[in-house]
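**Student:**
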DNA sequence: TCTATATTTCGTCAACTAACGAAATGAGAA
DNA sequence: TTCTCATTTCGTTAGTTGACGAAATATAGA
């Protein structure tokens, strides 16, 4: 029960859902997500840790960067059902499409340097 | 997006999930649910209205009583995916099993009279 | 009508959440 | 080592949420 509720809580914020939809395009580092969502880095980091604690995404360090990706192989049974469902949802949504275009237009090296102005 | 988040929010409280699992047994009126969950009537009513606003359950008046039931036929696409999944989950969970036994042991007429002591 | 019962709505309070900026941490580069 | 950049953690604040009891609403029955 606790695990299921934690999963739903992680999914019950629009910015976190946007993150999941962006991660469908490709794994992303925190600064890329921060740019697209236009939120403070610390806020994005918190969202990501919530999604990770719910086992919906996983992280991998690469030098200075931490890459987050959808946890499609190893999540619990809740994630195994809900993640694919979410992938089939919201694909017509304007925000989601714009976020994906932003992701595709983003060059990581450039994006992260711009970061804190 | 708003609709999906509303659905997940409705599902991200343990008492509301317990209500859904109880409604798998049969439709229930507010006072029956109140008895099983051991919460104030007003609290249960609020939980039920959240689940209804998310289209996961529907209500039907019958005299003094309002019966709530799972909305398995007419929910939006999110509910169509998630409700059946929830039915397959948590069935081994002790709380859930106890709640269901309470429901089965409950005689509605009696239960509701006891209500406010 | 008046009474009793079921439910919802309202007002309040404590706990939780999402946001921010500042400070701390970690890892590559000079 | 020292500097820089990416990320996390911490402290604060405004807004949300779940709980309650009291009051309002609705319906059945005397």
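Chains as they are written, first to last, in the numbering used here: chain A, 154 to 270; chain B, 154 to 270. Even for Gly, the Cβ is constructed at its ideal location relative to N, Cα and C. Nothing here was measured: the structure is a model prediction, and the numbers come from that model.
Pop quiz: residue 182 of chain A and residue 265 of chain A are said to be a contact at Cβ under 8 Å. What is the actual Cβ separation, rounded to whole angstroms?
**Tutor:** 7 Å
**Student:** With a cut-off of 8 Å, does the C-beta of residue 166 of chain B fall near any C-beta of chain A?
**Tutor:** yes
**Student:** Could you check whether the Cβ of residue 173 of chain B sits closer than 8 Å to any Cβ belonging to chain A?
**Tutor:** no
**Student:** Answer yes or no: do residue 210 of chain A and residue 222 of chain A have a C-beta to C-beta separation smaller than 8 Å?
**Tutor:** yes
**Student:** Classify residue 241 of chain B: buried if its beta carbon has 16 or more other beta carbons within 10 angstroms, exposed otherwise.
**Tutor:** exposed
**Student:** Return the Cβ separation of residue 192 of chain B and residue 168 of chain B in integer angstroms, given the expectation that the two are a contact with Cβ distance under 8 Å.
**Tutor:** With 8 Å as the limit, residue 192 of chain B and residue 168 of chain B qualify as a contact, their Cβ atoms being about 7 Å apart.
**Student:** Over what stretch of residues does the beta strand (DSSP E) that includes residue 206 of chain B continue unbroken?
**Tutor:** Membership of residue 206 of chain B in any beta strand (DSSP E) is not indicated; the residue belongs instead to the alpha helix (DSSP H) covering 194-206.
**Student:** Find the residues of chain A that neighbour residue 162 of chain B, judging by a C-beta separation of less than 7 Å, and give them in chain order.
**Tutor:** 165
**Student:** Just to confirm my understanding: we take residue 269 of chain A, look at its own chain, exclude 5 residues before and 5 after, and list those with CB closer than 6 Å. What are they?
**Tutor:** For residue 269 of chain A, the pLDDT reaches just 43, beneath the cut-off of 50, and the residue's location in the model is therefore unreliable, although a value from the coordinates is still provided. For residue 269 of chain A, where only same-chain residues beyond five positions count, there are no Cβ hits under 6 Å.
**Student:** Against chain A, does residue 238 of chain B count as a neighbour if the rule is that its beta carbon must be under 8 Å from one of theirs?
**Tutor:** yes
**Student:** For the beta strand (DSSP E) containing residue 211 of chain B, list its first residue and its last residue.
**Tutor:** Element bounds for residue 211 of chain B: 210-215.
**Student:** Going along chain A in order, which residues have a C-beta closer than 7 Å to the C-beta of residue 234 of chain B?
**Tutor:** 238
**Student:** Taking the straight line between their C-alpha atoms, what separation do you get for residue 226 of chain A and residue 188 of chain B?
**Tutor:** 41 Å
**Student:** Exposed or buried, which one is residue 206 of chain B when buried takes at least 16 other CB atoms within 10 Å?
**Tutor:** exposed
**Student:** To the nearest angstrom, how far is it from the Cα of residue 174 of chain A to the Cα of residue 236 of chain A?
**Tutor:** 10 Å
**Student:** Find the residues of chain B that neighbour residue 246 of chain A, judging by a C-beta separation of less than 8 Å, and give them in chain order.
**Tutor:** 154
**Student:** Starting from residue 231 of chain B, follow its DSSP beta bridges and name the residues at the other end.
**Tutor:** DSSP output for residue 231 of chain B lists no bridge partner at all.
**Student:** Name the chain B residues that come within less than 7 Å of residue 243 of chain A, Cβ to Cβ?
**Tutor:** 154, 157
**Student:** Going by beta-carbon coordinates alone, are residue 166 of chain B and residue 158 of chain A separated by less than 8 Å?
**Tutor:** For residue 166 of chain B and residue 158 of chain A, yes; Cβs fall inside 8 Å.
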